[in-house]
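The sequence shown: position 9 = 9 (the UniProt record's numbering), numbered continuously. Every residue, glycine too, gets a C-beta built ideally from N, C-alpha and C. Read the structure below first, then the notes.
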Amino acid sequence: MADSLMEVYWEYVFPLYPFLIPAEMKTEYMKIWTGHSLEYDENMLMCTLNVIFALASQLADFVPPTEREASADAFFSRAKGLFQFNLWDTGSAGLIQCLLLMAQYLQSTDSAHQCWIVTGLAIRNAQSLGLHLPQNIARLRSFQEQQLARKIWHGCILMDRVISMTFGRPAMISKASSGAVPLPVAVDDEYIPSGCSKEGSQPPDRPSMMAFYAKSLELYEIMNDVLLSLYKPISDDHAEDVHNFYFDNVASEGERTIFELDRSLTRWTRSLLPHLRWDSSTVSTNPIFYRQSIVLRARFLHVRMLLFRPTLSKYCAVRDNATTGPSISTNDSFPHRVALQCSIICVKAAQESIQIIYNNVPADGTGGPLPAWWYNILCSYRLSPVSYFEVLTYPDVYTSATVLIAGRLCSAILAEVTETSIAQSWDYALEVLRKYQSYSTSARRCVAALEILYEQVAFEGLLPTNHMPSHEIGANASAVNDMSFGEGMNAAILDSFEFPDFQDMSWLNSVPSNLF
1 MADSLMEVYW
11 EYVFPLYPFL
21 IPAEMKTEYM
31 KIWTGHSLEY
41 DENMLMCTLN
51 VIFALASQLA
61 DFVPPTEREA
71 SADAFFSRAK
81 GLFQFNLWDT
91 GSAGLIQCLL
101 LMAQYLQSTD
111 SAHQCWIVTG
121 LAIRNAQSLG
131 LHLPQNIARL
141 RSFQEQQLAR
151 KIWHGCILMD
161 RVISMTFGRP
171 AMISKASSGA
181 VPLPVAVDDE
191 YIPSGCSKEG
201 SQPPDRPSMM
211 AFYAKSLELY
221 EIMNDVLLSL
231 YKPISDDHAE
241 DVHNFYFDNV
251 ASEGERTIFE
261 LDRSLTRWTR
271 SLLPHLRWDS
281 STVSTNPIFY
291 RQSIVLRARF
301 LHVRMLLFRP
311 TLSKYCAVRD
321 NATTGPSIST
331 NDSFPHRVAL
341 QCSIICVKAA
351 QESIQIIYNN
361 VPADGTGGPL
371 PAWWYNILCS
381 YRLSPVSYFE
391 VLTYPDVYTS
401 ATVLIAGRLC
411 SAILAEVTET
421 SIAQSWDYAL
431 EVLRKYQSYS
441 TSARRCVAAL
451 EILYEQVAFE
461 GLLPTNHMPS
471 HEIGANASAV
481 NDMSFGEGMN
491 AAILDSFEFP
501 DFQDMSWLNS
511 VPSNLF
């Protein structure tokens, strides 16, 4: 069982989050069975292995879906029992690696707050070792140690960006600090000699698995720029200038415009190596590279939705021009037309995101090439007392589905993205969520929440009730309290969801707390 779980980790988890040195970890793992003395601290090693088993249990095809959560929880409970951390001691690379893996696992649970704390511990310990300073890393004896230090530090940055976005809180690591340490080189660990100061090199005929990690880090920095620039508390409800209303032309220091951010995304896409590019005609020759290409595409679409969603929200909010001033109601104005195109791009990105997941969910319940299931369903952003971002949602089916609802609000969007196309994407989204119901109750709650959301938006008069999607949603919005959702849930559950005001489009940028 242990061997099988380790194989799952190396095949499915490590290629996306390469926080360890495979050869060293595999050697230490074998020593446990043979009884040889260990190079690593035994407690930390056993703790790390149990976290690995917990992660692998969530993804292992040989563990029945109904047993995965309990199996993972058992391993993680053991890891917590073995974890020894003293606030007064200096950390170690092994401690930071273990904390990063713990944070990664906690993303798949309801313990989002613990994920926030564990990520913070990893960052502080990395900083205490000086991993945020390039000169300290340059002094390390071997290139292998330098590469590991880079991977660990940038792993802290990656988790910091994701979890800060999750809670809508400021990131611990500044933009300047994140860019100070060079990215890990695109050389696989097997081609980096141990104890040698000479930099390893990747064979020219063999693409590097590490290239994915570097491109992911670049993409997450663009995502961070999007959040810093576009998701800030501003009062533009009564903006008299149509340019400022849609695009907030005057950017503060360190912020970027939507056009600059889109250019960065375009350049990032063009910089992808061939084995990391994905399109619908991609043939799976190497399962790891194929999965990496799909994950990168999904992450790119997520960032693209984040980039254009504020504009979509504003465009939909003034679609009837009933609550805005004369300048904003000028439909032929340049910013209005640009806002329309941004909204269309956002809806199409949502459709492609759903399509990728729908096309790659294996019918037999196996893992397949998709990201871990918890990324596909709902890793939501919560609003806290110290937050300064709007509430957002992670790259998931729920997010994409809410964008579809927003797209259906505007006839101008429907003129290019047809209602039939949006209805089909909606059906695909709910079908995917239903497939994931055996993994997590979050998927079941998402189905109910989306159906309730659609009905309530229609009930408020925002959507035409005679053009509802083809699944089980009731045809008459006024009958919402008598509606069955086809999942053993009825409209009584409506009272348990804390939706925002349906009239001001805030539902597009928020997630009901009951989905957690």
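Quick check on residue i: buried or exposed, where buried means 16 or more other Cβ atoms within 10 Å of its Cβ?
i	result
lysine 151	buried
threonine 66	exposed
methionine 165	buried
methionine 159	buried
residue 573	Because the chain spans 1 through 516 in this model, residue 573 falls outside it and cannot be assessed.
tyrosine 9	buried
leucine 131	buried
lysine 348	buried
arginine 206	exposed
lysine 314	buried
threonine 90	exposed
alanine 477	Residue placement at alanine 477 is flagged as unreliable, the pLDDT there being 34, under the threshold of 50; a coordinate-derived value is accordingly withheld.
glycine 35	exposed
phenylalanine 334	exposed
histidine 336	buried
glutamine 107	buried
glycine 168	buried
glutamine 135	exposed
threonine 119	buried
alanine 138	exposed
histidine 467	With a pLDDT of 44 at histidine 467, under the threshold of 50, the modelled position of this residue cannot be trusted, and the question is left open.
serine 425	buried
Is the beta carbon of residue i less than 8 Å from the beta carbon of residue j?
i	j	result
valine 303	alanine 350	no
glutamate 352	leucine 301	yes
leucine 272	serine 216	no
alanine 171	tryptophan 153	no
leucine 82	cysteine 47	yes
alanine 56	leucine 133	no
phenylalanine 245	isoleucine 258	no
aspartate 225	leucine 183	no
residue 520	methionine 210	The structure shown does not extend to residue 520, since the chain is modelled only from 1 through 516, so no value can be given for it.
leucine 340	tyrosine 398	no
isoleucine 21	aspartate 189	yes
glutamate 24	leucine 45	no
valine 447	leucine 433	yes
glycine 94	phenylalanine 143	no
leucine 265	isoleucine 222	yes
arginine 299	leucine 219	yes
glutamate 255	leucine 228	yes
isoleucine 192	proline 15	no
arginine 408	isoleucine 422	yes
glutamine 58	alanine 74	no
With residue i as the anchor, note down where its alpha helix (DSSP H) starts and where it stops.
i	result
threonine 119	112-128
serine 229	211-230
alanine 2	2-8
methionine 25	22-34
histidine 132	Note, histidine 132: premise wrong, no alpha helix (DSSP H); not H, not E.
histidine 154	143-167
asparagine 43	42-59
alanine 79	65-82
histidine 275	From DSSP, histidine 275 is part of no alpha helix (DSSP H); its letter is neither H nor E.
glutamine 341	334-360
aspartate 262	258-270
serine 400	397-407
alanine 429	419-435
valine 295	287-317
glutamine 97	93-106
asparagine 244	242-247
isoleucine 413	411-414
lysine 175	175-180
Closer than 6 Å by C-beta to residue i: which residues in its own chain qualify, once you throw out the five before and the five after it? Chain order, please.
i	result
arginine 309	Cys346
residue 604	No information on residue 604 is available, as it lies outside the stretch 1 to 516 that the chain covers here.
methionine 1	none
alanine 176	none
tryptophan 278	Ser293, Ile294, Arg297
isoleucine 157	Ile173, Ser178
leucine 230	Pro310
arginine 68	Ser57, Gln58
What residues in its chain sit with their C-beta under 8 Å from that of residue i, if we drop five residues either side in the sequence?
i	result
arginine 270	none
Here's a check: name, in chain order, each residue in its chain whose Cβ is nearer than 7 Å to the Cβ of residue i, leaving out the five neighbours to either side.
i	result
valine 51	Phe76, Ala79, Cys98, Leu101, Met102, Tyr105
alanine 186	Gln202, Ser208, Met210, Ala211, Ala214
lysine 435	Val361
tyrosine 40	Glu28, Gly94
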